[in-house]
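S.K.: Residue numbers (the numbering used here): 4 to 234.
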Ligand code: G3P
Ligand code: MG
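(1) Just to confirm the assignment, what range does the alpha helix (DSSP H) spanning residue 144 have?
(2) By how many angstroms is the C-alpha of residue 205 removed from the C-alpha of residue 126?
(3) Could you tell me the alpha carbon to alpha carbon distance between residue 142 and residue 106, rounded to whole angstroms?
(4) Under 8 Å by Cβ, that's how I've got residue 54 and residue 60 pegged, so tell me the actual separation to the nearest angstrom.
(5) Going by beta-carbon coordinates alone, are residue 73 and residue 64 separated by less than 8 Å?
(6) Going straight from the alpha carbon of residue 19 to that of residue 48, what length do you get?
(7) How is the beta strand (DSSP E) around residue 164 delimited, first residue to last?
(8) Who are residue 76's beta bridge partners in DSSP?
(9) Confirm, please, whether the CB-CB distance from residue 144 to residue 100 is below 8 Å.
(10) Secondary structure at residue 222, three-state DSSP: helix, strand or coil?
(11) Only counting the same chain, and skipping five residues up and downstream in sequence, which positions put a Cβ closer than 8 Å to that of residue 124?
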C-alpha cells in the first residue's frame with residue numbers, strides 16, 4: 004500500500020515545507036502530497052487560502068505578491084516552497100501528488116509545472132495532479148492527456164467511481180469520513196487505484212489495508228511505514 008506523507012511528515016515538521024518533505028523521505032514514505040496556489044505564474048506550496056495559520060504573514064494568498072510570500076517563515080525558519088523547491092526534495096522514484104487549491108490560468112499553470120519538472124528532472128510518470136475542482140482537471144486532461152490525475156472527493160459519489168472514470172483520472176482520492184468497502188470494491192472493478200485521506204489512526208490504517216485500498220495520505224508516515232510496510 005502506498006504511504007503518502009500528507010503535507011509532508013506534517014506531524015513532526017511544519018506542514019508543506021521542504022523540511023517536512025525531506026523527513027517523509029527519510030522515513031521511507033512512498034511519496035508526498037502537498038497543496039498549491041498559482042501566484043504570479045509560479046506554483047507555490049501552501050494549504051490555507053490565508054497565511055495566518057501556517058506562517059508569520061497576514062492576508063490571503065491570492066492577494067499576496069510572490070516576494071512577500073517568499074519573505075515569510077512557514078515554521079522552523081522554513082520558507083514557503085515553490086514547486087521546484089518541493090520537487091528537489093524528492094528522489095525521482097517517489098510519488099509526488101500536487102494538489103491544486105487555486106489557479107487562475109490553466110495553460111500558464113501547465114507551463115510552470117513543466118518548467119519545474121524539467122528543472123528538477125523529476126520523473127513525470129510519478130507525478131499525480133489532483134483537485135477537488137473537477138472542471139480544472141477536465142481542462143488539464145484536454146491540454147495534457149498524459150498527465151496523471153487524481154479525482155478528489157469528500158462526499159460519497161452517487162454513481163460510485165464513474166465521476167473519476169469520466170475525468171480520465173488515474174486514481175480516485177476519497178475522504179476517510181465517507182469511504183467504505185463497497186466504494187473500494189467499485190474502484191477495483193474499474194481498475195482505478197483508490198487512495199484515502201487523511202489516515203493517522205493505526206486501526207483505520209489496518210481496516211483500509213484489509214479492504215484493499217491502494218494508498219493512504221497520512222501526517223504520520225513513520226508510524227504508517229512501521230505498521231504497514233512501505234511499497
Ligand atoms: O489530497 C488529499 C487531501 O490533502 C485533501 O484535503 O484539505 O488536506 O488538502 P486537504
Ligand atoms: Mg491536500
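Where is the CB? At the ideal position from N, CA and C, for every residue including glycine.
M.R.: On the basis of the data shown:
(1) In the chain shown, the residue the question calls residue 144 occupies position 141. Start and end: 137–146.
(2) Looking up residue 126 in the chain shown gives position 123. Looking up residue 205 in the chain shown gives position 202. Those two C-alpha atoms are separated by around 31 Å.
(3) Residue 142 sits at position 139 when you count from the first residue of the chain shown. Residue 106 sits at position 103 when you count from the first residue of the chain shown. So the two alpha carbons sit approximately 12 Å from each other.
(4) If you number the chain shown from 1, residue 54 lands on position 51. If you number the chain shown from 1, residue 60 lands on position 57. 4 Å between Cβ atoms; contact.
(5) Here the question's residue 73 lines up with position 70 in the chain shown. Here the question's residue 64 lines up with position 61 in the chain shown. It is not a contact, given that the beta carbons lie outside the stated cut-off.
(6) Stepping through the chain shown from its first residue, residue 19 is reached at position 16. Stepping through the chain shown from its first residue, residue 48 is reached at position 45. Approximately 6 Å, taken between the alpha carbons.
(7) Counting from 1 along the chain shown, the entry for residue 164 is found at position 161. First-last for residue 164: undefined, no H or E at that position.
(8) On the chain shown, residue 76 is found 73 positions in, with the first residue counted as 1. Answer is none; residue 76 lacks a bridge partner.
(9) The count along the chain shown starts at 1 and reaches residue 100 at position 97. The count along the chain shown starts at 1 and reaches residue 144 at position 141. Going by C-beta atoms, residue 100 is not nearer than 8 Å to residue 144.
(10) Position 219 of the chain shown, counted from the first residue, corresponds to residue 222. Looking at residue 222 - three-state DSSP - the assignment turns out to be coil, as it is neither helix nor strand.
(11) Position 121 of the chain shown holds residue 124. The residues are 95.
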